Amino acid sequence: MKTEEEEEEEWRSARKVLLIVLPYLPSLFELLSMTRVSRSLRDAIRDETALWTNIVVEPPLSSRLTDDILSDITSKSAGKLKTLILRRCLRVTDKGLRRVVDSNPLITKIIVPGCSGLTPEGIMECVVSLSKKVETLHINGVNGFTKQHLSSLLTYLSSEVGTIDLEVCPKCDEVRMIPPCSRESCNKKQTNERKCRGCWLCIPRCAECSVCLGPDTESQEAACGNDDVLCLECWLVLPKCRFCNKPYCTNHSSRRHEIATTNAAARPSFECEACYYRAGTNPYEVDYQI
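Here the sequence shown stands for residues 1 to 290, numbered as in the UniProt record's numbering.
As structure tokens, then:
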């Protein structure tokens, strides 16, 4: 029979191991889930500054993130936040982002794809305030960027390829993301000479591998929505919803609702968002407060 002191010592050792593992969790959802294990672990996570220097918020938590919640979460880094990744956080505004940037001058990565509550002017103010420290800026999905905005941003960013995910499309002359093409015949040519070089609106592409989809390319519908399609090669290998038989691309795989099973030999299965929410349930009720 273990004494109370021995049990406490075992828990302290286990907590130390957990604090080593926790920084490798992929997103805020997993970190918040761990705070529900016990009160002592919740307190340890809350007080460990190193766990909060890289914040990743993605669906399904994205829809619940507001300026105040974002400020509360990032404040746990004690001003040492380096990476801020917000995917499709529609309720975050310029004011909220600027508040975070002003409190965390060490930020080097700002990745906010699909955050339509932000504006080009707000992004510009944040980049300027960081005094050329930003090494990665992904803003695809923030509406309203013009060639003038892009030109101004580039003066405050590194000239390295991939620093910013937007450029001027050579086909429509609009500022949009131009993905690389994985088709071998396209890669044999210089980047600026590729016939398929263009944004997603100008060139149909596979949502998984970004290969251009010509009239002679067989494609299949994805579960991602927004009319996303997949080349046949990607569609065949990706896991599919057990009801509609549609797969998610890797970027949207977090939307899958995994189906628990007691059979260890059974293949993993999931339901897509459309099929799962049709049943009227929601597995993602995780509280931001810890």
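Backbone N, C-alpha and C define an ideal beta-carbon position, used for all residues, glycine too. Model, not experiment: these values are computed from the prediction.
Which residues DSSP lists as bridging residue i, in chain order
i, result
"GLY258", "Looking at the sequence provided, one finds Glu at residue 258 rather than Gly. Paired residues: PHE270."
"GLU218", "None; GLU218 has no bridge partner."
"PRO247", "LYS240"
"CYS212", "ARG205"
Reduced DSSP secondary structure (H/G/I, E/B, other) of residue i
i, result
"ILE110", "strand"
"ARG242", "coil"
"ARG205", "strand"
"ARG229", "It should be noted that the sequence gives Val, not Arg, for residue 229. Correct three-state label for VAL229: strand."
"LEU90", "coil"
"SER253", "helix"
"GLY96", "helix"
"LEU25", "coil"
Other residues of its chain near residue i: CB distance less than 6 Å, five sequence neighbours each side excluded
i, result
"PRO120", "GLY144, PHE145, HIS149"
"THR83", "ASN54, LYS109"
"HIS138", "ILE111, PRO113, ASP165"
"CYS172", "CYS202"
"GLU160", "none"
Residue-chain proximity (residue i, chain B), Cβ-Cβ < 8 Å
i, result
"GLU121", "Of the protein chains in the structure, only one exists, and it is not chain B."
Per-residue burial, residue i [other beta carbons within 10 Å of its own, 16 or more giving buried]
i, result
"GLY117", "buried"
"GLY79", "exposed"
"LYS246", "buried"
"GLU253", "Reading off the sequence, residue 253 comes out as Ser, not Glu. By the neighbour-count rule (16 or more Cβ atoms within 10 Å), SER253 is not buried but exposed."
"ARG39", "exposed"
"SER33", "exposed"
"ARG278", "exposed"
Same chain only: Cβ atoms within 7 Å of residue i, ignoring 5 sequence neighbours per side
i, result
"GLN220", "VAL229, LEU230, LEU232, TRP235"
"SER182", "CYS209, SER210, VAL211"
"LYS240", "LYS246, PRO247"
"CYS169", "ARG176, ILE178, GLY198, CYS199, CYS202"
"LYS147", "VAL168, VAL175"
"THR155", "none"
Same chain, Cβ closer than 8 Å to residue i, five either side skipped, listed in chain order
i, result
"LYS133", "PRO105, LEU106, ILE107, THR108"
Complete runs of the alpha helix (DSSP H) confined to the segment 119 to 202 [at least 4 residues]: 120 to 129, 147 to 154, 184 to 187
So within the segment 35 to 86, which uninterrupted beta strand (DSSP E) runs reach at least 3 residues, ignoring any that extend past its ends? 54 to 57, 83 to 86
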